[in-house]
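**Q** My structure is below; once you've seen it, I'll send some questions.
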Amino acid sequence: LTTHGYSEAAFTILSAILFDAVGGFSLSVIGHIQRKNKELENREENLKKQYRHVRKELYLNTQMVHSLHKDVKKKNIEIKNILTMSGQLNETADTRQALESFLLTIIGQIGSDHALILTRARREHNYYSILAARGFRGSSASKVRFYLNSALMGYMDGVLEPFPVSSIPRGNLFSDEIKLLKLFEQDIFCPILIKGQMSGLLIVGKKMTGKMFTHEDLNLISIVANQTAFVMEQAQLTSEFQDIYFKTIKAMMKALEAKYVFARGHNTRTATYVSKVAAKMGLTPNEVKELTYGTLLHDVGKIAIRDKYLLDPKVFGENESLVKQKILEHTLKGAAILRSAGFDDKIVDLALHHHESFDGKGYPHKIGGRELDDGVRILSVCNTFDAMTSDRPHRKALSQVTAREYLEYNAGKRFDTQVVKAFIAHLDESRQMQKYN
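Just so it is clear: in the sequence shown, position 225 is 225 by UniProt numbering, and no numbers are missing.
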């Protein structure tokens, strides 16, 4: 071989060797790249799966948050409604007024066209009639009666939740019951339960929008029914307490009148004057009622005064100032009796201070002006007028003209001028009414 030939052969061999080496290296690299690519594809698929899972979890959590938010809103509305109704209870002690405010709440929240509360007006009644209503008018209102022994009421016995009137089966009902239900065909009935017993019925009229009642609507109706039950139960307890309270007052009055014949009718007449004047002067119905009760008892201390000072005109003539002093002590004794019996402080004060004077020269504490309660200043005028125009052991009754002139002369001195004016106005109004009767 020539040198040149050797070089070509060597180049050819070297080229073949290099080609094999490069080819093997390329295949190795390609295989490695392919494996890495597969790994990346698998990782990408896993990431996609994780992403889909995270999105699903996020969606579910979002739905849960929305659901919780709706629940919180519902609870907030419930709390708001309860607070609203509690506020309405605090603002008024009148049962009917409180219940009517409940009905306004339910009409406003739900958008119903009417709402009613029915119960027994008297214990002896065997039917429910309308106690409070809003939006329900017409001649049919006075005729709405749900008889306790009816098949309709039998259906509702044991029902605890609001239900649509349309769900009541008509098969066993009498024609008058079916006719009654037609008044409330699209309404909701909800029993009012007191200590587990049905004591009334809440009726909520159809929505003015024509929409169906929602779960939230029914929940609100249940809340109102429960609040209504509370008010009705408290009213029942109050009525029973007032009945006992008034019987106690009557017993004390009877005891006084049995001993002191000249007291007969005085407390009742004075209480009538007081109630009229107090109302005229702007006192609330509850204040008038309490003042009236206190007036009926203002002289109860005379039970503890010896008969000779109250009944014997000779003793009065012999030492008038001593007898007057002894009789005035009935204010202290009356206050002690009423306080020990647990009567309200205002009623005790009426017994204690009804002989005080507006100018501060009265008995027993010589206080006057605005130191005296409104009720005391009213009672002072009314009590004096009736005492002057009534027979007493030592004198005959004076004329109303004389008593009136005495009040007018002492206005601003012994008596509050505004009270005297209100009392005189009442007398004039009464005289006018007598002319037309």
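Beta carbons are placed, not taken as given, at the ideal position from N, Cα and C, and that holds for glycine.
Every value quoted in this text rests on a predicted model; they were computed, and no experiment measured them.
Under three-state DSSP, which class holds G265?
**A** coil
**Q** What do you get for L60, buried or exposed, if any count of 16 or more other CB atoms within 10 angstroms of its CB means buried?
**A** exposed
**Q** In the DSSP assignment, find the alpha helix (DSSP H) that holds residue 439 and state where it starts and stops.
**A** The chain is shown from 1 up to 437; residue 439 falls before or after that span and cannot be answered.
**Q** Sorted by chain position, which residues of the same chain lie with C-beta nearer than 7 Å to L99's C-beta, five sequence neighbours on each side aside?
**A** I117, L131, A132, T228, V231
**Q** Check the DSSP bridge columns for M64 and list the partner residues they point to.
**A** Beta-bridge pairing links M64 to no other residue.
**Q** Nearest-angstrom Cα distance between M281 and I424?
**A** M281 and I424: Cα-Cα distance of roughly 12 Å.
**Q** In terms of residues, what are the limits of the beta strand (DSSP E) holding I107?
**A** Premise fails: I107 lies in the alpha helix (DSSP H), 95-110, not in any beta strand (DSSP E).
**Q** For K366, tell me which candidate among D374, H355, D373 has the shortest Cα-Cα distance.
**A** H355
**Q** If you pair each beta-carbon of the segment 325-337 with each one of the segment 294-312, do three or more pairs fall below 8 Å?
**A** Touching, yes, given that three or more Cβ pairs across the two stretches are closer than 8 Å.
**Q** Mind checking whether I378 and V274 have CB atoms under 7 Å apart?
**A** yes
**Q** Counting Cβ pairs closer than 8 Å, one from the segment 176-183 and one from the segment 207-222, do we hit at least three?
**A** no
**Q** Spatial neighbours of C190 within its chain, please: C-beta separation below 6 Å, excluding the five flanking residues on both sides.
**A** P162, L202, I221, A225
**Q** Alpha carbon to alpha carbon, what distance is there between Q109 and S199?
**A** Distance between the alpha carbons of S199 and Q109: 25 Å.
**Q** Which whole-angstrom value describes the C-beta separation of L152 and E124, a residue pair presumed to lie in contact below a C-beta threshold of 8 Å?
**A** Between E124 and L152 the Cβ distance is about 21 Å, and since that is not below 8 Å, they are no contact.
**Q** Among A278, A115, G362, which has the Cα closest to the Cα of Q418?
**A** A278
**Q** In the DSSP assignment, find the unbroken alpha helix (DSSP H) run with I327 in it and report its ends.
**A** 320-328
**Q** With DSSP collapsed to three states, give me the class of V204.
**A** In this structure, DSSP gives V204 an extended state, which the three-state scheme calls strand.
**Q** From what residue to what residue does the beta strand (DSSP E) around L152 run?
**A** Run containing L152: none in the beta strand (DSSP E); it sits in the alpha helix (DSSP H), 151-156.
**Q** Let me know the secondary structure DSSP gives L427 once reduced to three states.
**A** helix
**Q** Quick one: what's Y409 bridged to in DSSP?
**A** Looking at the DSSP assignment, Y409 forms no beta bridge with any residue, so it has no partner.
**Q** Tell me whether S399 is buried or exposed, calling it buried when 16 or more other Cβ atoms sit within 10 Å of its Cβ.
**A** exposed
**Q** Per DSSP, which one or two residues make a beta bridge with P164?
**A** Paired residues: I188.
**Q** What residue from I33, K49, E290 has the CA that sits closest to I347's CA?
**A** E290
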